[in-house]
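Heads up, the sequence shown is in our numbering, so the first residue is 51 and it goes up one at a time.
For glycine and all other residues, C-beta sits at the position ideal for the given N, C-alpha and C.
What follows is a short report on a single structure.
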Amino acid sequence: MVFLTKEEEQMLAGEEGLGTQKAMELLVYLAEKVFDAEKMLTCTSSHCLDFTCWEDELLESEAKIRTMATNNPRMAINGELWKKMGVPEKVKRKEEKIDHLYESLGLTLLYTCVPYLLGNAPRFGQHFSWGGSSGQVYCNSILGARGNREAGPANLAAAITGRTPEYGLHLTENRYGQITVGFDGFAFKDLSKTDIAAMSYCVGEQVVEKIPVFTGIPRPLTTEQVKTITYPLPVGGAVQMYHIVGVTPEAPTLENALGGNKPEDKIQVGLKDIKGTYEKLCTTSEEKVDLVIFGCPHCTYDELREIASLLEGKKVHKKVHLWACTSKPIKLVAERMGIVKTIEGAGGLVVTDTCAIMPWAYHPEIDVVATNSSKIAFFGSGLTDAGLLFGSPKKCIDAAITGRWG
Ligand code: F3S
């Protein structure tokens, strides 16, 4: 049976309202029946998927969140551009209902999968409950905060109660590296960002759910490099945390990263593996491209700037859509700096609030999609009938201009 403090008992007894009671009931159920947790931890940060539960109870009891809490991009629509993106009105209405609940609870509505770049960044040793895959890996690995990949109801319950069950990566003994990863025949500094996305996807495939320890990745790393090492690991596999010796906070040395244990396995990634991943992620031999999409996870400011500089003085082919997905705050700065004008003047769209994978499912004429994201390439081919092409930003922009991949 999970130990509860007096305050947690009061929440469970309904003294904080019915909505909070339902949330605590779920956490106690998870702690006792699923995770075998001994106690609850104070949770300081939540990141919620588009999800409602106990909506009436939460609204009626005027419940409020107790953590820093943000939300993931919507699956289907964009605040301003949903019509242009071909999204049905009924989908928009459903998502407005979620907005209403989240607003009443007091979430910071960021609609992004990179909230760690925009103020929701738990600190070293703090506990969090996040939905989505890559943000949670970033918090564990780069920030040294502690949390597990959790489903929507658990994130919302943690936001409302400020508690999360103690299990998995909250515990020090579960955070040590298990498999070392080295590079064979190349240096990390020679990899482009797209190569990194392929390399990391390939490592995810090999380690599956174990904790990899990268050696041979030197400081300093850019924000975009770190983001690109992180996001493919839970796509190729189901990685929740990784270490980079000499870079990430729990890995000052290889010995620290492994917790003094011997590695269970040692992996060497070669250029052949990276090339093989590029080939695997291209699921069509079609040359005609209908959509070029960036921003999975959401584009940083520098990534938007790179897209703009590749488009400078050029025009997107009239039969091709070009979408760059990002968060509203980043778009705002990019607007100020003339970057949005360059992208949209060339015929692209800078889309905010939206998950980069789903909107094109509503476009029947989109058969072939080109992207620089190994996550879109993998999930896009599983979730839709479209053929996927994976390559560098330059190759994607060339395809947007000519309408052809090659
Ligand atoms: Fe973000 Fe959607 Fe990709 S939430 S990471 S754009 S799958």
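query                                                                                                                                                               : result
Assuming P282 contacts Y328 (C-beta within less than 8 Å), just tell me the rounded distance between them.                                                          : The Cβ separation is near 12 Å, so there is no contact.
Mind listing which residues have their beta carbon within less than 5 Å of any non-hydrogen atom of the ligand F3S? Chain order is fine.                            : P123, C163, C346, P347, C405, A406, I407
Three-state secondary structure (DSSP) at F178?                                                                                                                     : strand
Just mark R196 as buried or exposed, buried being the case when its beta carbon has 16 or more other beta carbons within 10 Å.                                      : buried
Quick check on V370: does DSSP put it in helix, strand or coil?                                                                                                     : coil
Span of the beta strand (DSSP E) holding A420?                                                                                                                      : 418-421
In this structure, does DSSP put H220 in helix, strand or coil?                                                                                                     : helix
In this structure, what does DSSP give as the bridge partners for D234?                                                                                             : G320
Alpha carbon to alpha carbon, what distance is there between Q275 and T404?                                                                                         : 22 Å
I294 by DSSP, collapsed to three states: which one?                                                                                                                 : strand
For V258, which residues in the same chain have their Cβ closer than 7 Å to its Cβ, ignoring the five residues on either side in sequence?                          : G287, A288
Tell me which residues share the same chain as S431 and place their Cβ nearer than 7 Å to its Cβ, disregarding the 5 neighbours each side in the sequence.          : T333, L438
What are the start and end residues of each continuous alpha helix (DSSP H) run of 4 or more residues lying completely inside the region 348-413, in chain order?   : 351-361, 378-386, 389-395
DSSP on C163, reduced to helix/strand/coil?                                                                                                                         : coil
Which of helix, strand or coil does DSSP assign to K338?                                                                                                            : strand
So, under 8 Å CB-CB, S191 and T298 are touching, yes? Tell me the CB distance rounded to an integer number of Å.                                                    : 5 Å
Which residues in the same chain as L321 place their Cβ atom closer than 6 Å to its Cβ, once the five residues preceding and following it in sequence are excluded? : G235, F236
Please confirm if the region 105-122 is in contact with the region 60-69, defined as three or more CB-CB distances below 8 Å between the two stretches.             : yes
What does a CB cutoff of less than 6 Å around E336 pick up in its chain, not counting 5 residues either side in sequence?                                           : V418, G437
Output the boundary residues of the alpha helix (DSSP H) element that contains S154.                                                                                : 139-155
May I ask you to report which of helix, strand or coil DSSP gives N311?                                                                                             : coil
Looking only at its chain, what residues have a beta carbon closer than 8 Å to the beta carbon of E415, apart from the 5 residues adjacent to it on each side?      : D340
First and last residue of the alpha helix (DSSP H) that includes T211?                                                                                              : 202-211
Assuming S377 and V164 make a contact with CB atoms under 8 Å, what is their CB distance in whole Å?                                                                : 7 Å
Thinking C-alpha only, which one of G182, G175, A171 is nearest V124?                                                                                               : With the sequence shown as reference, residue 124 is identified as Arg, and Val is not the correct amino acid for it. Nearest of G182, G175, A171 to R124, Cα basis: G182.
Assuming M61 is part of the beta strand (DSSP E), what are its boundary residues?                                                                                   : Segment 56-62 is the alpha helix (DSSP H) holding M61; no beta strand (DSSP E) there.
Once DSSP output is grouped into helix, strand and coil, what is the label at N170?                                                                                 : coil
Secondary structure at P284, three-state DSSP: helix, strand or coil?                                                                                               : helix
Does Q186 pass the burial test, meaning 16 or more other C-beta atoms within 10 Å, or should it be called exposed?                                                  : buried
What first and last residue would you give for the alpha helix (DSSP H) that runs through C252?                                                                     : 243-257
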